[in-house]
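Visitor: In UniProt numbering, the protein residues as written are 1 to 254. My structure is below; once you've seen it, I'll send some questions.
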C-alpha cells in the first residue's frame, strides 16, 4: 500500500510511526526540532490519516507498508521510531527485515499481548451520526458522553474531516478498526531476535511498559535499553516533547 507521508529535514532518514487513532500530524511539534538533524518521514499508517483504507489490518501488513515506502523512496535502511501501535509496527518490521532498520526506538509499548481496552472510545466514535452532524462542537458533545477527558476527545476528533461536498467523514477506517480492534493488542513474536541498537522509552506515569515486560524486551531485542520519561504518561511525546527530543537525539547520534 502506498502510504501518505510528510518528508522534511536533512540528514539520515528517520521514519516516525504514530499510534492507534493517530496520524502523522501528531508528531509535527517533535518534527520541528528533529528535522534539524534528520530527514524525517512522518507516516500515516493504513486506515489512518490520509492513507488508504483496507480490510486488511494487522502488524504484518503494516510492516510491509513501511517496507514498500522505503523501496519507493530508495532507502536501503533507516532509523525507526514508533509510538504505541506504531511501536509494534516497527518492532514487527525490525524482526522481519532487520537489514532495513539501522536503529529502533519504541515509545511506550512492549512486545506482549494487551487486552482490549478501547471499547468505550469506539462506542463514542460510532455514536456520532456523520450524516446528520452539523458541527465539530456537536461531535464533541456526543463524544463527551463516553469520554470525560477533553484532551482525548480533541485528539480523536482530529480524525474528523470533510469530503468534497463538505460533509463530515472519518479519516480513520472506523468500521474496520471497530471490527478488528483485537489485532492492535496482538503480541509481537519472533524466533530470531533483532540485535541492533534499540531504545524503549516509557512514560513514568504509564503502565504500558512494566517490570514484567523487561524479559520479553531483552529476549527479542537483546541490544536494547529502557528509560522512562519523568512526568509523562502514554502520550509522552505530547506531554514532555523536549525530553523526548533530547532522548531521541542522544540515542541516534551516539
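Where a beta carbon is used, it is the ideal one built from N, C-alpha and C, also for glycine. The structure presented is a predicted model; accordingly, all values stated were derived computationally and were not measured.
(1) How long is the line joining the alpha carbons of residue 211 and residue 227, rounded to whole angstroms?
(2) Can you check the region 191 to 225 for any beta strand (DSSP E) of at least 3 residues that lies completely inside it and give the ranges in chain order?
(3) Residue 255 to residue 47, Cα distance in whole Å?
(4) If you check the beta carbons only, do residue 199 and residue 111 fall under 7 Å apart?
(5) Mind listing, in chain order, the continuous beta strand (DSSP E) runs of no fewer than 3 residues lying wholly within the region 54 to 128?
(6) Of all the options 95, 206 and 134, which has the alpha carbon lying nearest to the alpha carbon of residue 191?
(7) Any idea if residue 240 is buried or exposed, counting beta-carbon neighbours within 10 angstroms, 16 or more meaning buried?
(8) What are the start and end residues of each continuous beta strand (DSSP E) run of 3 or more residues lying completely inside the region 132 to 189, in chain order?
(9) So what does DSSP say about residue 251, is it helix, strand or coil?
(10) Work out the CA separation of residue 89 and residue 63 for me, nearest whole Å.
(11) Let me make sure I understand the geometry here. Which of 20, 43, 178 and 22 has the alpha-carbon closest to that of residue 8?
(12) Residue 13 and residue 93: beta carbons closer than 7 Å?
(13) Work out the CA separation of residue 135 and residue 167 for me, nearest whole Å.
(14) Does the region 100 to 120 come within contact of the region 180 to 190, defined as at least 3 CB pairs closer than 8 Å?
(15) By alpha-carbon positions, which one of 34, 49 and 39 ends up nearest to residue 18?
(16) So who's on the other strand from residue 13, going by DSSP bridges?
(17) In the DSSP assignment, find the unbroken alpha helix (DSSP H) run with residue 31 in it and report its ends.
(18) Straight-line CA distance for residue 126 to residue 174?
(19) If you follow the alpha helix (DSSP H) that residue 238 is in, where does it begin and where does it stop?
Guide: Reading off the structure:
(1) When rounded, the distance between both Cα atoms is 12 Å.
(2) Counting whole runs of 3 or more residues, the region 191 to 225 contains the beta strand (DSSP E) stretches 198 to 203.
(3) Look at the range of the chain in this structure, 1 to 254, and you will see that residue 255 is not part of it.
(4) No, Cβ-Cβ distance for residue 199 and residue 111 is not below 7 Å.
(5) Those beta strand (DSSP E) runs which fall completely within the region 54 to 128 and span 3+ residues are 78 to 83 and 101 to 107.
(6) Relative to residue 191, the option among 95, 206 and 134 whose CA is nearest is 95.
(7) Here residue 240 is buried, its C-beta having at least 16 other C-beta atoms within 10 Å.
(8) Counting only runs of at least 3 residues, the region 132 to 189 fully encloses the following beta strand (DSSP E) elements, listed from N- to C-terminal order: 160 to 162 and 168 to 170.
(9) Of the three classes helix, strand and coil, the one that applies to residue 251 here is helix, per DSSP.
(10) Answer to the nearest angstrom: the Cα atoms are 6 Å apart.
(11) Its Cα nearest to that of residue 8, the residue 43 stands out among 20, 43, 178 and 22.
(12) With a cutoff of 7 Å on beta-carbon distance, residue 13 and residue 93 are scored as not near each other.
(13) Across the structure, residue 167 and residue 135 are spaced so that their CA atoms are roughly 10 Å apart.
(14) These segments touch.
(15) The option with the nearest alpha carbon to residue 18 is 49.
(16) Bridge partners of residue 13: 39.
(17) Element bounds for residue 31: 28 to 34.
(18) Whole-angstrom Cα-Cα distance: 8 Å.
(19) Per DSSP, residue 238 belongs to the alpha helix (DSSP H) from 236 to 239.
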